[in-house]
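Let me begin by presenting the structure, written as structure tokens, before commenting on it.
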Amino acid sequence: MSKSGKQAEPTVSQMLAGARRRFTEAGIESAAADARVLVAGLLGLSTTAIVTRGAETIGTEQVAAIEQAIERRLAHEPVHRILGEREFYGLPLSLSAETLEPRPDTEILVDTMLPYLRDLANAEGRIHILDLGTGTGAICLALLSECPEASGVGSDISADALRTAQSNAERNGLQDRFETIQSSWFENIHGAFHVIVSNPPYIASKVVHTLAPEVTKFDPPAALDGGADGLDAYRTIAKDAARFIQPDGVVGLEIGYDQRNDVTDVFEAEGFKLLESVKDYGQNDRALVFALK
Ligand code: GLN
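Residue numbering for the sequence shown follows the numbering used here, beginning at 1 and increasing consecutively.
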């Protein structure tokens with residue numbers, strides 16, 4: 001960017017207004033916020049700086065990059081996918097093709113688990129976490145960043161996801177306490193953990209296609225589709241969890257808004273009891289915590 005660009009070069013605020021107008025015209029609900037995040041992200045500015053530096057002009061290459069990004073958003077790609085990263089629990093995380101974009105609702109699971117982690121760390125000294133289907137590593141890395149006594153394993157069936165999770169650990173200085181294991185649920189996992197967490201796929205197969213195109217076209221299907229009734233992953237996790245948990249350990253799960261009773265039944269049948277159920281910002285059940293009976 002330069003302060004004295006040629007006449008033809010648009011200003012930051014002109015670019016921003018143009019993006020906002022096109023998103024609004026296309027019926028994108030979050031048009032203003034999306035325009036701000038996208039233009040700021042591509043210019044390497046904060047969402048405050050694009051306002052305070054609105055009069056500065058933008059060079060041809062950056063204009064082209066922004067135009068291209070606007071087209072991608074108009075084709076329903078979410079802004080953070082376009083930027084290739086988003087923040088989760090204060091940590092900048094890279095996204096890739098086979099990782100679910102971390103949602104703010106998933107921060108509820110992190111908040112819910114932290115008191116358990118602190119109690120366990122007080123009792124045990126060092127504690128070990130397993131995050132099944134870690135994707136970007138979001139849940140495990142957020143827990144590690146908040147709990148210095150913890151180390152963790154992020155497992156995933158996808159090698160692409162594990163590469164992303166590993167680089168996110170490095171990006172946030174957590175690589176010494178984080179390792180990745182390629183595994184379908186518990187298949188290649190060994191040892192016993194104080195905390196097992198997961199945000200597994202939980203959307204019923206026939207419901208997946210009814211979600212927004214931002215989700216169906218850009219989030220990996222394997223991270224969404226929970227089988228005929230959406231509960232397949234919970235059944236698989238519940239069946240083996242007792243073998244991989246320390247006697248005083250806890251299992252923390254994200255769930256779909258209507259799955260509290262079903263998931264509780266699945267875990268109770270495998271020797272667990274429900275300790276806590278937590279709602280999200282929309283007042284839907286979102287996180288469950290279980291311990292051995
Ligand atoms: N919360 C996600 C959604 O509504 C689903 C994530 C999942 O299945 N774990 O799109």
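No residue lacks a Cβ here, since even glycine has one placed at the ideal position from N, Cα and C.
In this text the structure is predicted, and so the values were computed from the model without any measurement.
Cβ-based neighbour list, residue i, same chain, cut-off 7 Å, excluding 5 preceding and 5 following
i, result
"S277", "R260, D285 and L288"
"A159", "Q182"
"V79", "D34, V37, L38 and R73"
"L117", "I127, L143, C147, A150 and V195"
"R20", "A31, A32 and A35"
"T236", "W185"
"A138", "F88, L93, P102 and T106"
"E77", "F218"
Near the ligand GLN: residue i beta-carbon under 7 Å from a heavy atom
i, result
"L211", "yes"
"V215", "yes"
"I86", "The sequence shown places Arg at residue 86, rather than the Ile named in the question. Incorrect: R86 has no Cβ contact closer than 7 Å to the ligand GLN."
"R103", "yes"
"E98", "no"
"I203", "yes"
"P115", "no"
"E77", "no"
"L132", "no"
"N284", "no"
"P200", "yes"
"A223", "yes"
"E254", "yes"
Beta-carbon proximity check, residue i vs residue j, cutoff 8 Å
i, j, result
"L292", "P247", "yes"
"L38", "A69", "yes"
"E85", "S94", "yes"
"G135", "A223", "yes"
"D280", "D131", "no"
"I245", "F193", "yes"
"A242", "E270", "yes"
"L141", "L120", "no"
Cβ separation of residue i and residue j, assumed to be a contact under 8 Å, to the nearest whole Å
i, j, result
"S184", "I203", "In fact, because the Cβ distance is near 19 Å, the residues do not count as touching under 8 Å."
"N172", "L91", "5 Å"
"A228", "V266", "About 14 Å separates the two Cβ atoms, so there is no contact after all."
Own chain partners of residue i with C-beta closer than 6 Å, once the 5 adjacent residues on each side are dropped
i, result
"R177", "L144 and S151"
"S96", "D160 and T164"
"V251", "I196, A241 and F290"
8 Å CB neighbourhood of residue i in its chain, flanking five on each side removed
i, result
"L42", "Q62, A65, I66, A69 and L83"
May I have a chain-ordered list of the beta strand (DSSP E) segments no shorter than 3 residues that lie completely inside the segment 128-162? 150-156
What are the uninterrupted segments assigned as alpha helix (DSSP H) that are 4 or more residues long and contained completely in the segment 33-61, given in chain order? For secondary structure counted as the alpha helix (DSSP H) over 4 or more consecutive residues, the segment 33-61 holds these complete runs in sequence order: 49-52.
For a minimum of 3 consecutive residues, which ranges assigned as the beta strand (DSSP E) are wholly contained in the segment 188-223? 193-198
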